[in-house]
Amino acid sequence: MPNMSVNGVTIDDTFAEAFGMRATAIVITAPSRKWARQAAITMTGFATSVIGCGCEAAIDLDLPPSATPDGRSGCRVMIFAMGTDELQKQLLNRVGQCVLTSPGSACFAGLQGSAELKLGSALRYFGDGWQISKKIGDRHFWRIPVMDGEFLCEATTGLTKEAVGGGNFFVMAQSSPNALAAAEAAVAAIGMVPGAIVPFPGGIARSGSKIGGKYKGMIASANEAYAPTLRGVVASELGPDINAVLEIVIDGETNDAVAAAMKAGIKAVIQLGPKRGAVRISAGNYGGKLGKFIYSLKDMLP
13 MPNMSVNGVT IDDTFAEAFG MRATAIVITA PSRKWARQAA ITMTGFATSV
63 IGCGCEAAID LDLPPSATPD GRSGCRVMIF AMGTDELQKQ LLNRVGQCVL
113 TSPGSACFAG LQGSAELKLG SALRYFGDGW QISKKIGDRH FWRIPVMDGE
163 FLCEATTGLT KEAVGGGNFF VMAQSSPNAL AAAEAAVAAI GMVPGAIVPF
213 PGGIARSGSK IGGKYKGMIA SANEAYAPTL RGVVASELGP DINAVLEIVI
263 DGETNDAVAA AMKAGIKAVI QLGPKRGAVR ISAGNYGGKL GKFIYSLKDM
313 LP
C-alpha cells in the first residue's frame, strides 16, 4: 500500500512493533492536587526506558476527589518492567523513597490484576513496630507513623501480565518548533486515554535509537537514518523537507489501550496540520520479527 496523505500530512505505509511487559498501577492521594502530582512526578523520575532505568513509569490520570479511595485529589501512576521481580523492586523503591516521604500522601492499589505485588505489606517495616494493620471490607491497609501524622498504604496492588510496551510513532517536521508543537499536541491527546502512558520527558523522545552500535557494550545507539544532520552521509529516511524528528513512545495496560493512545495522538498531529506541525508520520519497528504486537499506521488513522 502506498503512503497516504491526510490533511496534508503524509502517513508512511509502515507499522509500530511493541512487546509484552509486566505492569502495575497505584493511586497516590494528597492534601491537594499539587502535592499528589509532586509525589507522582518524583516517583516516576528516571523511568523513561527499561534499557537504562529498569522500568518505565508516568502519570496515567489525574483523579478528582470523587474518584479516589479517601476523597482527596490524586493521581493514577503506572509502572512497566520486563519481569515481575524487577517490577516489584522498582515499585517498593519508588514508593518508599518518593511517596512515603511526600507530605500528606497516601497510597492505594490502582490495578486489579492476575497476581499481587507487595506495597504496604513491605513498606510497613519503616514503622519499626509502631505500624498498625487496618482492614476495611476486603481491603487491607497499613498505617505507618510519620512526622506529619500517618502514611496510609494499601497492603498490595495488582500485577498484569497483559501489558504492552513500545507502541510508537515518529513526528517529522520542517523545523524543531513545528515538530515539538505536533508532539505536544499528541501527548495532550494521549493524556486523555486511560491505561496508557508516555514515559519519556514530557512524553517525547528526541534520541531515537537502534539496537546495538559500533562500540562494545552499547545496547542501543543513535538511529542515524532519522538524524537530519547526517542526511548527506548515511542512508537517510528523511527527505529534504524534514529537519526535525520526535518520537512518541507509548506503554499500555492492554493492547487496546496502546492502540487507542496511538489513534488519539496521530489524530491530534493530523488535525494540527503541516504548516504548524508535522509534514509526515512514521513509526519504528524491527521488521515484525521481535515484537508480539503490531500497529499498522493505516489502521490508526482517524
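If you read the sequence shown in my numbering, its first letter stands for residue 13, the second for the next number, and so on.
Glycine is no exception: its CB is placed at the ideal position from the N, C-alpha and C atoms.
Here the structure is a predicted model, which means the values were calculated and not measured.
* Specify the secondary structure class of Lys228 as computed by DSSP and reduced to three states. => coil
* To do: Please report the residue range of the alpha helix (DSSP H) in which Gly132 lies.
  => Gly132 to Leu135
* Asked: Is the beta carbon of Ile260 sitting closer than 8 Å to the one on Val183?
  -> yes
* Would you say Ala28 and Phe181 are within 8 Å of each other, going by their C-beta atoms? -> yes
* Whole-angstrom C-beta distance between Gly264 and Ala175, which should lie under 8 Å -> 7 Å
* Asn19 classed as buried or exposed, judged by whether at least 16 other C-beta atoms fall within 10 angstroms -> exposed
* Could you tell me the boundaries of the beta strand (DSSP E) in which Ser85 lies? => Segment: none, Ser85 is in no beta strand (DSSP E) and carries neither H nor E.
* To do: For Arg288, count neighbouring C-beta atoms within 10 Å of its own C-beta (all shown protein chains included) and say buried if the count is 16 or more, exposed if not.
  => exposed
* **One or two residues paired with Ala127 in a DSSP bridge** => Leu171
* To do: Go ahead and label Trp154 buried or exposed: buried means 16 or more other beta carbons lie within 10 angstroms of its beta carbon, across all protein chains shown.
  => buried
* In the DSSP assignment, find the unbroken beta strand (DSSP E) run with Glu166 in it and report its ends. => Gly161 to Glu166
* **Paired residues, beta bridge with Lys146 - DSSP** => Phe153
* C-beta contact flag for Thr169 and Gly122 at 8 Å -> yes
* Asked: Distance, Cα to Cα, Ile21 vs Val291?
  -> For clarity, residue 21 is Val in the given sequence; the question names Ile instead. Computed Cα separation, rounded: 5 Å.
* Kindly identify the DSSP beta-bridge partner or partners of Val261. => Asn180
* From Pro252 to Val245, what distance separates their C-alpha atoms? -> 14 Å
* Asked: Buried or exposed: Asp268, going by 16 or more other Cβ atoms within 10 Å of its Cβ?
  -> exposed
* Asked: What residue does the beta strand (DSSP E) around Met33 start on, and which one ends it?
  -> Phe27 to Thr41
* Asked: With 16 as the cutoff for other CB atoms within 10 Å, does Leu302 come out buried or exposed?
  -> exposed
* To do: Please go through the same chain and pick out, in chain order, the residues whose beta-carbon is closer than 8 Å to the beta-carbon of Leu242, but skip the five residues on each side of it.
  => Glu236 and Ser248
* Taking only the alpha-carbon atoms, compute the straight-line gap between Glu196 and Ile71 and give it to the nearest angstrom. => 16 Å
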